[in-house]
Every structure is written in structure tokens, then in C-alpha cells.
Amino acid sequence: MYALARKFEEEKRMVELIPSQDSIMQILKRTGAFREGHFIYPNGKHSPHYFQMPLAFRYYDTARVLAVALSRKFRLEKDISSQLPKISIISPSSGGIPVAFGVRDALSAEQIYWAEKEEGQRMFRQYVNQGEVNPCIIVDDIIRSGHAIEETVDLVKKLGARIIGCGAIVRFISAPSEIEDVPIKSLIEYDVRMYEKEQECTECKEGVPPEHVRF
Ligand SMILES: [Zn+2]
2 MYALARKFEE
12 EKRMVELIPS
22 QDSIMQILKR
32 TGAFREGHFI
42 YPNGKHSPHY
52 FQMPLAFRYY
62 DTARVLAVAL
72 SRKFRLEKDI
82 SSQLPKISII
92 SPSSGGIPVA
102 FGVRDALSAE
112 QIYWAEKEEG
122 QRMFRQYVNQ
132 GEVNPCIIVD
142 DIIRSGHAIE
152 ETVDLVKKLG
162 ARIIGCGAIV
172 RFISAPSEIE
182 DVPIKSLIEY
192 DVRMYEKEQE
202 CTECKEGVPP
212 EHVRF
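Here the sequence shown is numbered in this note's numbering, starting from 2 and rising by one per residue.
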């Protein structure tokens with residue numbers, strides 16, 4: 002009974018230690034990772050917001066705050082905390098690598114893997130073998146559509162590993178909220194404003210000069 006009460010106290014403290022969405026947003030603004038203006042995406046859509054997440058991860062201190070905060074959300078999951086340290090942290094792309102290293106560090110997880118795109122195809126490096134990958138948490142810096150995560154889930158399943166967690170610093174609310182029955186954790190749930198056409202764009206109407214962003 003006491004053990005249960007103590008565990009509950011610990012969990013409560015852990016939740017209190019997770020910075021609010023507002024304070025995370027302040028970090029992203031301060032580092033230039035969250036930008037406001039008038040942006041045209043490669044798919045032609047217009048938006049007044051743009052996230053360039055590696056800008057927040059270029060400073061060790063902010064990178065650490067973000068990764069530690071995300072790791073606390075994972076530690077609250079029994080399926081994850083009970084399996085530590087025999088867990089792998091997996092990034093779908095280069096953007097998620099600093100997140101993966103930071104989360105690994107905070108959780109003392111055993112393994113890290115990351116996928117890369119080769120000739121348009123997401124894959125792990127050669128010689129990453131079936132049976133070697135621990136139950137995994139997939140992490141990324143930002144989840145916009147969820148495609149990168151979905152492709153990574155397929156890769157992980159092919160290696161025979163179980164997915165026990167998934168998360169990112171920012172998740173667009175239009176993206177999936179769970180994957181393989183695992184809820185996607187994030188520090189910011191962002192309701193992005195996106196215009197399909199120039200004619201619908203408020204910033205175009207106001208004559209704000211647009212910037213083209215690469216992705
Ligand atoms: Zn526009």
C-alpha cells in the first residue's frame with residue numbers, strides 16, 4: 002500500500018517536472034525553431050508558421066531540456082519503465098537523432114538506431130539485423146503528417162521489434178495521435194494554420210512578403 006502511494010507521489014512529481022506547453026513554446030521561439038511570418042511550403046501550401054526544429058537542438062542546454070521533458074512522458078508509461086534499460090530509441094530521420102540521443106541519455110536506454118532516406122526509401126543501415134533490436138520508442142523532433150513515423154513502424158516490425166512508445170517535441174494535431182495502439186507523446190500539440198491556395202491565405206491578402214521553406 003505504501004509502495005503504491007509512493008509510486009503515485011513519484012508519478013505526480015514527474016508530471017510536475019514536465020514543462021508546460023507555454024514554456025516549451027518560449028524555448029522554440031527564443032532559439033528560432035518556431036517562426037512566424039508568411040511561408041510557402043514545397044507542396045505549395047501557405048502558412049503563417051514554420052518550425053525549424055534543429056535550431057532548438059543546436060544549443061546543448063535547450064536540447065537537454067526538451068529531451069528530458071519528453072523522456073519523462075515515456076517514463077510514466079509502465080510498459081516502458083518496466084523494460085528499461087533494455088529499450089532502443091529509434092529516429093525516423095536525421096532531425097530526430099539529437100532527440101533520440103537526449104531521450105536515451107535521460108532514460109539510460111541501451112540502444113539507438115536511426116533511419117535515413119536512400120533513393121527516396123527510408124531504411125536502416127546495412128547489417129542492422131533482425132532480433133538485435135530491443136523493444137523500441139520511436140522519437141522525432143516534429144510530427145507533421147506522421148508519414149515518417151508510419152514508414153519507421155514498418156521498418157521496425159520487419160526487424161521483429163515491438164513498439165512500446167512514440168513521441169516528438171511537436172505534433173501537429175492533424176497528425177495521428179497513436180500508432181500501433183501506442184499513444185503518441187508530445188510536448189506541444191500544435192494546431193497549424195495551413196492554406197491550400199494562395200487565394201485563401203491571409204498573409205497574401207495583407208501583402209506580407211513570402212519566404213520559401215525547403216521542408
Ligand atoms: Zn500566402
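Built from N, CA and C at the ideal position, the CB exists for glycine as well.
Nearest to residue i by CA position, among the options, is which residue?
{"i": "H148", "options": "V134, A162 and R172", "result": "R172"}
{"i": "I185", "options": "D106, G168, I174 and H39", "result": "G168"}
{"i": "H47", "options": "P210, E199, K118 and F216", "result": "E199"}
{"i": "G96", "options": "Y3, I170 and K13", "result": "I170"}
{"i": "G132", "options": "S109, E11, R163 and E119", "result": "R163"}
{"i": "A68", "options": "F9, C202, L18 and R7", "result": "L18"}
{"i": "E201", "options": "R145, G45, R76 and Y191", "result": "G45"}
{"i": "N130", "options": "G121, E120, L156 and R105", "result": "L156"}
{"i": "G161", "options": "I180, V134, L5 and I174", "result": "V134"}
For residue i, which residues from the same chain have a beta carbon less than 6 Å from its beta carbon, with the 5 sequence-adjacent residues on both sides left out?
{"i": "P99", "result": "F58 and A64"}
{"i": "H213", "result": "I41"}
{"i": "P86", "result": "S109, A110 and E111"}
{"i": "V209", "result": "H39"}
Answer yes or no: the CB of residue i versus the heavy atoms of ligand 1, is any distance below 7 Å?
{"i": "P43", "result": "no"}
In chain order, what residues of the same chain lie with their CB nearer than 8 Å to the CB of residue i, ignoring the 5 residues before and after it?
{"i": "P93", "result": "W115, A116, R123, I139, D141, A149, I150, E152 and T153"}
{"i": "I165", "result": "E78, D80, I81, Q84, I88, P136, C137, I138 and V183"}
Please go through the same chain and pick out, in chain order, the residues whose beta-carbon is closer than 7 Å to the beta-carbon of residue i, but skip the five residues on each side of it.
{"i": "N102", "result": "Position check: residue 102 holds Phe in this sequence, whereas Asn was assumed. These residues qualify, in order along the chain: I113."}
{"i": "S146", "result": "A176"}
#### Entry: Closer than 5 Å: residues whose CB approaches a heavy atom of ligand 1
H47, C202, E204 and C205
### Query
Where are the beta strand (DSSP E) runs, 3 residues long or more, that stay fully inside the region 16-51, in chain order?
35-41
### Query
Which runs of the beta strand (DSSP E), 3 residues or longer, sit entirely within the region 152-202?
164-173 and 183-191
### Task
Would you mind listing the alpha helix (DSSP H) stretches within the region 56-102 that are 4+ residues and don't spill past its ends, in chain order?
61-76 and 79-82
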